[in-house]
Structure formats: C-alpha cells, structure tokens
Ligand code: SF4
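And the structure:
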C-alpha cells in the first residue's frame, strides 16, 4: 500500500471535462474516481472514464507506425522511414496535381486534444489545400454558422446557464447521456435536479422519451425535422401576446423589425398540425417560457444534424433574445475562457469565410476553411481538376461517422495515397497506406482549449501526463509538427504546446490573477474562475458591434422550410419511417468499443420501434429485422418500446465494427451495425452544409 500514488487530471474523452482522481502503483491503475475538488465537475464521472485504463493497456492499440505492403499485409516501419515516405508522396502529388489534390480530415478527438489544438491550424496552412473536412459538419456546424452571422464569430456560442435558470426547454438534446454538448456541464443529472429543487421546470421536446425526458417535468413528442417550425410557433406566440422583452439588449441589436415582418408568414394554427403539437400547448409553452423569471432554450444534436439545422440554431437564439434571456443569468450566456480562441482568430473587419468558395462537385458552402464532410467522397470519386488523390486523416473514423460511410470507404480505396494518424487499425485507417499511432489518454498532458469556451462555468486546469510516452512513441502534436516539416520540406519547428499555452494564459483576461502554466501545475484540481458573466457586447465581432437578429441568409432559408412543409406535397411512401440517431452513455463516437467494460451486457445497438408499428409489421421485441434506406440495407435487433413515437425508429451512432481488415478484437465481437450505412450523403442542411442524419426515410421489414 505504501507505493500507492494519486494523479489528478481532466478526462478528455468527451466534452464534459470531468476531473478524475487516479490511484495507481507503477503502471497499474487501482481506481479511477471523480475528483470532488474539481471546480467544474465536483466529483462526477461517467462509466467511460474508468475505460481510460483499458485504452492504456489495450493490446490492439498500435504503438509503432505500420505500412501496408504490396500483398496487403501490415508491416512495422520506423518513424523516420514513415515520415520520409509521407513527405515524398504528398509533395509529389501536390506538385503534379496541385495543392488541392491532397485532402485532410480531422476527427472529433482532435477537439479534445491539447497538442493538436495548437498545431493543427499550422498543419492545415502547411498543406495549403482547400479540401479540408472535419467531424464538425457531421455535428455542430449549425451552431457555429448561426453564431458567425449573429455575433460575428463562430466561437461566440451561447451556453445555457443551467445552474441559474428557472425554465429550460431542451430540443433534440439528451444531456443526461452526453453530459452536455455545446454546453459542457458535467453531472447534468444534479444540475437538472437543482432546477427543479429551486422551483424551476424542464421541458424536453424530442421524438423519443430520452433519458433526459424521463427526468424532465414534461416531455413533448415532435416529429423529426419539425423543430424550426415549433420554434417559429413559440416566437410567433410571444410576439402576438405582447411578451417580447429585449431587456438590456434593446440598443445592441438590429433586425427586430425584420423579424416581425418575416414571422407574419407563419401562424401557430398552421404550424400545430405539422409539428403534431396542439395550438394550446405551443402557446402555453411560449407563455410559460416568456413569463419565467429566467429561461433558456437549448437545441442540440437532433436539432442540428437535420435538414434545417441552421434555422433551428438561429431561431433558438432568437427565442432566447426576444424573451430577455440572453447574456443574462439564467438565460443563454457566454464564456470568458483563459485560453481565448477569439484572441487568435479575430474576425472583426475581415471578410467572412462562409461561402467564399463552393465545393467543386456539389457547390456546397465553405465555412471556417472547410467543406462539408457529406461531399468528401464526391471530391475523391469525381475526376477533374482539383480531384482529391491523397488523404491525411487525423484521429477520425469517417467511414463510421459520416453519412453513407460505405461509399466513403469505397472512395478511400480509389486514392493514390492515404495516411491515418490513429491508435487503431479501424474502419477508416485500414484504407491507409501508412498509419501513425500517437501516445494518448493517460500518457499525454491535457488542457481543454475548446470546451472551456463552451462550459457552463469559467474554470481552468492543466493535467500533466500520468505515465508519459514510451521511448518509441510520439505525442500527436509531435506527429503533426513533423508532418508540417515533411510536407513543406522545411526544418521542424521547436515550439511546444506548453509554450503557446503559457503565453496565451499570461496575456489573457485573467492575467491580472497571475495565471500561468506554472500556476496551473501548482493547482492540479483546477482553478475556479467564477460563474458566467454578462459579456457578449464586449466579445461581439460584428462589424457594427450589434447583434444581428435576422441575418439575411437565415431569413432566405425560411422559404425552403415553407416549401417543404406548406406546399401540400405528399411525401412518397417507399420509406415510411423516419430514422433518428441516439447517443449511449457507455459509448462515445466510434472508438470506445474496444473496452470490454463498455460493451459487455445487453446489446445496446438496437432499432427502437414503437409497439403499434411493431404490431402492424408483426415484429416481436428482440427480433432481427431488415432496415432499408435509399442508400443501403442493414439487419438489426429490435427493441420495441413506447419511448419512441409512432413512425419513428432510432439506431445509436458509432457502431459497425464488423468490417474486414479491422483489428479491434472486443469491438469486432460486439460489432453492431453502422447507422451510417443507411444515412444519405445527399441529405444535408443546405444552409450550413451539415449532414442531416436525423429524419432519414427507411423501411422496416421482418425477415423471419
Ligand atoms: S462524462 Fe465525459 S469527461 Fe466526464 S467522465 Fe464521462 S467521458 Fe469523461
């Protein structure tokens, strides 16, 4: 017992940034628990944190670079030889076909990775290609585009002040499982309970009675993709009942008259039957929201990853603004992070990047220097100038996470050259020629660059590595820094992420508190920087320093909404069900399924089907059925439950490890199916380019 030691760090698996306390002896982990002294998470963790030790000890994890030989077998290769070959191939492809012939894909774990957060912008600049893609356009892009047009910067993101609000509407979000998304809020369960304990109310709007809906005061079913209409109904009610209250923001916004003008085209009476919620219920919800001492509407995954994601995020902001619940305690507020991204990506006075370019094949908008991932396969498969001939994929598995993943897998096979930076031989990296594995998890230092900017509280924390990397391992940022060098054929930089972090801390808004890397190292539990404060006006980056309530791009998109729902056209019946995704507590994206403790027990990769639909189709609970969409077919076990509304089915995202050539033993034994073998790459939110995973038309058939 004498050698037991404690290590404190942030769990960087998901957005919640939970503080953890690890008890260990040598390289053996004795326990992983929540750190009660962490000022944000206050001791909370979820089951995934314990799996950090499984990732560390995972025998399937790649520890050295590997290269695919001519007979398709993987062979180890030295770091030096790998980098040399990558540099030669990438430079030669770019010389022959132009810079855009090399594409880049960045996966979600990069957002949770301190070193890559610092070096990836430099890498993208070095690569010099317009063909950049990331998981953002399969997730939260509508939030950023709405913020960009309303507040002048995509990272000025409204965060629900869950700790002080009196009334919370949650549309298409399931924070009980996610612990907040675009709202870093560890221990959501406790935070939601506290709303109720102080007399507040929580209303969840969702096609499924989710884990969050079960804790709420009220759950309202809504058909997928109707959320923007419901939001318009709420806004319209607030306007017509004289409940608009701009409060302190009255002189700081423009577009109020325009908003009044455009909402004239919508009536709650027309909206009600389409969303399947009565006029009385919509009006009652709007009135309660407007009259609450404080209130906030939070719209997330289901409202983002659909064909009207941009409209949903814009209208959510509008609802919060016109009820005086913006930049005010208990409403939607804004962070003031110690490492402030706004400081290094100031957009004021600069030309907006949205739509500056259009994608070559499908004419989709460019935003934040990237194209939508839904068109990545098109850009590889379609011949012509600018066609992607080589890919570098860093910490991403788009074959499982992008719409119509199988088509993307086929596209990767057409490439002349592909590099994956990944710890696993997975569904995407198996298409690569070279895989570079990074040290990760407990081996790396951590500072959360992005999620401190999305947190319900201002805190700051730096974690030192627990075990450090082994001699032949490299940190991910070391790999990226070296890639920059070999791509440009220039000497490698000597800068480290810590140097950059320290300078950002010492010149940030808490510099007067003496914040520095040294101070963070002396405070391993983290430092509390206080509750969110009204600060939007000082952070706005619009050219006129005003909040843009009705940006023209969004106003114009209402026509698409109208023509979809008010044209009287009947939809075809070939695919009568609408499919939605779902997130599971013990699963995160595509890469956590190789930890036995997270996949054991009952199969969670099921199709949830309403009992009335099951009866009509003569399908029993637990039966394997065939699900078919426009792009593919899968077979999956059913879970018959009235938690889902009639006509809607749900499959969780992130599964599908049954493909050949993958080396993740446990994940393959619990393979599940990939929802993205059914989702359609052509279904996007036309405004933002985000993939529309929700609302996909499918057919369900018994195969007995
Ligand atoms: S909620 Fe996220 S950050 Fe917290 S312990 Fe679980 S995986 Fe880690």
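Numbering (the numbering used here), first residue to last: 1 to 704. Beta carbons: idealized from backbone N, C-alpha and C, even for Gly.
With contacts defined as CB atoms closer than 8 angstroms, residue 333 and residue 161 qualify as a contacting pair. DSSP places residue 117 inside the alpha helix (DSSP H), whose first and last residues are 114-127. Annotated three-state conformation of residue 323 is coil, per DSSP. Between residue 372 and residue 137, the gap from beta carbon to beta carbon is short of 8 angstroms.
If the five residues before and after residue 611 are omitted, its C-beta is found closer than 6 angstroms to the C-beta atoms of 640, 642, all from its own chain and listed in chain order. Taken from the Cβ of residue 39, every heavy atom of the ligand SF4 lies 7 angstroms or farther away. Of all C-beta pairs linking the region 183-196 to the region 445-455, three or more are shorter than 8 angstroms, placing the two stretches in contact. Excluding residues up to 5 positions away in sequence, 389, 390 lie with their Cβ nearer than 6 angstroms to the Cβ of residue 416 in the same chain.
Residue 154 is positioned such that its CB atom lies closer than 8 angstroms to that of residue 368. When the beta-carbon positions are compared, residue 212 and residue 295 stay at least 8 angstroms from each other.
Residue state for residue 425 is assigned as strand, using DSSP reduced to three classes. Here the region 41-52 makes no contact with the region 196-206; the two share fewer than three CB pairs at distances below 8 angstroms. Beyond the five residues adjoining it in sequence on each side, residue 178 comes within less than 6 angstroms, by CB distance, of 583 in the same chain, given in chain order. Just measuring C-alpha positions, the residue of 413, 575, 652, 460 sitting nearest residue 427 is 413. In this structure, the straight-line span from the alpha carbon of residue 676 to that of residue 375 is close to 14 angstroms. Ranking 81, 668, 353, 253 by CA distance to the CA of residue 536 puts 253 first.
Scanning 47, 17, 379 for the CA closest to the CA of residue 101 turns up 379. Going by beta carbons, residue 315 and residue 232 fall inside the 8 angstroms limit. Between residue 464 and residue 518, the gap from beta carbon to beta carbon reaches 8 angstroms or more. Uninterrupted alpha helix (DSSP H) stretches at least 4 residues long and entirely within the region 154-178 occur at 175-178, given in chain order. Here the residues close to the ligand SF4, judged by CB distance below 5 angstroms to any of its heavy atoms, are 11, 13, 14, 16, 18, 45, 46, 48, 49, 179 in chain order. Taking a contact as a CB-CB distance under 8 angstroms, the pair residue 440 and residue 528 does not count as one, their CB atoms being some 28 angstroms apart. Setting aside the 5 residues that flank it on each side, residue 630 is surrounded in the same chain by 680, each with a C-beta closer than 6 angstroms to its C-beta; the list follows chain order. Contact between residue 290 and residue 323 holds: their C-beta atoms lie close to 5 angstroms from each other, under 8 angstroms. Shortest Cα-Cα distance from residue 580 to any of 26, 69, 226, 258 involves 226. Our two residues, residue 450 and residue 339, have alpha carbons roughly 9 angstroms apart in a direct line. Under a 10 Å Cβ-count criterion, residue 336 is classified as buried, with 16 or more other Cβ atoms of the shown protein chains found around its own Cβ. Non-local beta-carbon contacts of residue 4 in its own chain, meaning distances under 8 angstroms to residues more than five positions away in sequence, involve 23, 24, 25, 30 in chain order. DSSP links residue 74 through a beta bridge to 68. Distances from the alpha-carbon of residue 70 to those of 434, 607, 616 put 434 closest.
Distance from the Cα of residue 646 is smallest, within the candidate group 658, 592, 206, for 206. Counting only residues of its own chain and dropping the five nearest sequence neighbours on each side, residue 114 has a CB closer than 6 angstroms to the CB of 446, 447, 497.
For residue 354, the secondary structure class from DSSP, reduced to helix, strand or coil, is coil. Three or more pairs of CB atoms, one per stretch, sit closer than 8 angstroms, so the region 482-491 contacts the region 78-89. Proximity to residue 472 across 466, 602, 438, 444 peaks at 438, based on C-alpha coordinates. Taking the CA atoms as reference points, residue 557 sits about 15 angstroms from residue 364.
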